[in-house]
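Since the structure comes first, as structure tokens, the remarks are kept for the end.
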Amino acid sequence: MEQGTATAPIDDRPYSPGLEGVLAGETSIALVDGANGRLMYRGYPIVELVRRSTYAQVAELLWTGMWPASAHLACAPLSKRVTEALRNLPASTHPMDALRTAISVWGAETSPGWPSTVEQARALTALAPTALAAFARLRQGLEPVAPRADLQLAAGFLTMLDDAEPDPAAARALDAYFIVGAEHGFNASTFTARVITATRSDMASAICGAIGALKGPLHGGAPAEVVNQLNEIGTPEAAAAWIDDALARGERLMGFGHRVYRAYDPRAAALREVAEGMGNTAEWLRLAVAVEDIALRKLAEKSPDRPLKTNVEYYTAAVLQGVGLPPDLFPSTFALARHAGWTAHVLEQNAANKLIRPDVRYIGPAERHLPVEAAG
Ligand code: COA
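Numbering (the numbering used here), first residue to last: 41 to 416.
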């Protein structure tokens with residue numbers, strides 16, 4: 041092949057792989073303070089919100105900037121088209137794909153348009169749990185259960201999954217998990233939603249893209265892996281050898297490490313408190329705490345210069361198991377929680393929009409030309 045003689049122009053502007061450390065926007069929704077292990081939604085510390093607030097109040101806070109003294113957000117009914125779309129999916133469909141499909145059909149039939157509105161944010165956040173619960177039943181050959189207007193989102197979701205009155209302790213624990221998972225700055229899925237919104241696309245498209253990003257195991261897929269990991273380890277006595285082997289094979293310990301946090305993830309601390317308050321997690325939690333101690337020690341020995349601490353997914357696994365969810369619904373349940381944050385960012389992007397379009401450094405061949413005879 042004929043090589044070109046010119047060299048590619050050298051672009052020596054700074055480049056950060058994975059955009060690590062790059063400021064790519066401004067937000068007033070949440071402060072993620074990685075160095076000090078702090079997370080605040082519009083100034084309120086996450087632990088305070090978990091202890092003294094509900095997901096409905098937190099969602100309103102994220103969307104509007106105001107914390108309402110009371111708020112009610114119930115699961116919304118599905119349209120016939122959304123239900124039929126879910127019914128037509130194979131039972132083997134990944135629940136994240138089912139959720140994305142439901143949102144996509146909602147977008148197709150409601151044409152939400154641009155700019156997005158708080159009403160759309162409420163509608164989508166209320167629709168998602170109904171869609172996921174419906175799919176979870178349909179794949180087992182069961183009929184979906186209609187949502188109840190008197191229940192808040194978490195309780196309503198549990199009721200629709202099992203067609204039974206929700207256990208108040210489980211509903212409260214899931215509501216707390218929803219608060220913790222609601223928002224987290226410019227993570228990959230939220231950034232995806234903002235990129236889509238910045239083109240003046242609609243909220244349904246932005247959330248479909250966000251769900252796609254969250255599906256990846258490095259983002260939202262970790263808690264199910266945490267369960268597998270702990271099941272494989274089995275006992276605290278087996279942990280040290282298991283972890284040594286995994287690290288020697290170059291594997292990652294699920295539920296540890298974070299792009300931003302160098303201190304203990306405050307969400308993990310908040311969820312550990314929730315898990316400790318649940319009656320039915322005691323045995324699993326004992327194993328999780330013992331394994332965590334050993335894992336933190338081993339990770340510190342392996343990477344003394346890059347602190348690798350427990351992340352939110354580790355105790356998410358304990359809470360979601362305690363609530364009675366099957367591990368394959370963990371990532372999509374995380375997606376339900378994150379709807380409030382995603383849609384809040386869509387609204388913020390709308391309010392001060394600028395197309396998001398970074399540059400890329402070209403590292404391919406220099407200019408070259410096809411052989412002359414190729415033209416014939
Ligand atoms: N276990 C073992 N080593 C880990 C690790 C983990 N959980 N997380 C990071 N590392 C190591 C990497 O192997 C790498 O080591 P090296 O420099 O010797 O190659 C170094 O730490 C940096 O990792 P990198 O992937 O560049 O960091 P990141 O900021 O891009 O990664 C995560 C962040 C979350 C993707 C990463 O920590 C991870 O894969 N964790 C496990 C999955 C998980 O729990 N995800 C949920 C996140 S909330």
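Ideal Cβ positions, reconstructed from N, Cα and C, are used throughout, including at glycine.
On a predicted model such as this, the values are computed, not experimentally measured, just so you know.
Quick check: residue i and residue j, are their CB atoms within less than 7 Å of each other?
i, j, result
"Thr-165", "Ala-310", "no"
"Val-90", "Val-300", "no"
"Ala-194", "Phe-175", "no"
"Asn-351", "His-385", "no"
"Ala-70", "Gly-260", "no"
"Ala-109", "Ala-96", "no"
"Val-146", "Leu-172", "The question names Val, yet the displayed sequence has Trp at residue 146. Result no, Cβ atoms of Trp-146 and Leu-172 do not sit closer than 7 Å."
"Ala-253", "Ala-222", "no"
"Pro-276", "Ala-330", "yes"
Run the proximity test for residue i: is its beta-carbon closer than 6 Å to any non-hydrogen atom belonging to the ligand COA?
i, result
"Asn-320", "no"
"Gly-295", "yes"
"Asn-351", "yes"
"Ala-75", "no"
"His-298", "yes"
"Arg-292", "yes"
"Arg-307", "no"
"Arg-378", "no"
"Ala-262", "yes"
"Arg-91", "no"
"Arg-346", "yes"
"Leu-258", "yes"
Quick one: grab the DSSP three-state call for residue i.
i, result
"Val-314", "helix"
"Leu-79", "strand"
"Pro-31", "The chain is shown from 41 up to 416; residue 31 falls before or after that span and cannot be answered."
"Thr-157", "coil"
"Ser-372", "helix"
"Pro-130", "coil"
"Pro-85", "strand"
"Thr-13", "Nothing can be reported for residue 13, as the shown portion of the chain is limited to 41 through 416."
"Val-122", "helix"
"Trp-324", "helix"
Confirm the yes/no value for this check: CB of residue i, any heavy atom of the ligand GDP, distance under 6 Å.
i, result
"His-224", "With respect to the ligand GDP, the structure shown offers nothing to examine, as its ligands consist of the ligand COA."
Going by DSSP, name the residue or residues bridged to residue i.
i, result
"Leu-71", "Met-80"
"Ala-218", "Checking the sequence, you will find Phe at residue 218 rather than Ala. BP columns for Phe-218 are empty, so no partner."
"Phe-296", "Thr-350"
Hey, is residue i's beta-carbon within less than 7 Å of any beta-carbon in chain D?
i, result
"Trp-103", "Absent from the structure is chain D; it holds one protein chain and no more."
Indicate whether the contact test is met: 3 or more Cβ pairs, each with one atom in the region 350-370 and one in the region 242-252, closer than 8 Å. no
Take every Cβ of the region 359-378, pair it with every Cβ of the region 318-331, and state whether three or more of those distances are shorter than 8 Å. Remark: three or more beta-carbon pairs, one from each stretch, lie closer than 8 Å, so the region 359-378 and the region 318-331 are flagged as touching.
Any contact of the region 114-134 with the region 393-410, i.e. 3+ C-beta pairs under 8 Å? no
Is it a yes or a no for the region 178-197 touching the region 53-61, going by three-plus beta-carbon pairs under 8 Å? no
Give a yes or no on contact between the region 367-382 and the region 257-273, applying the rule of three or more CB pairs nearer than 8 Å. yes
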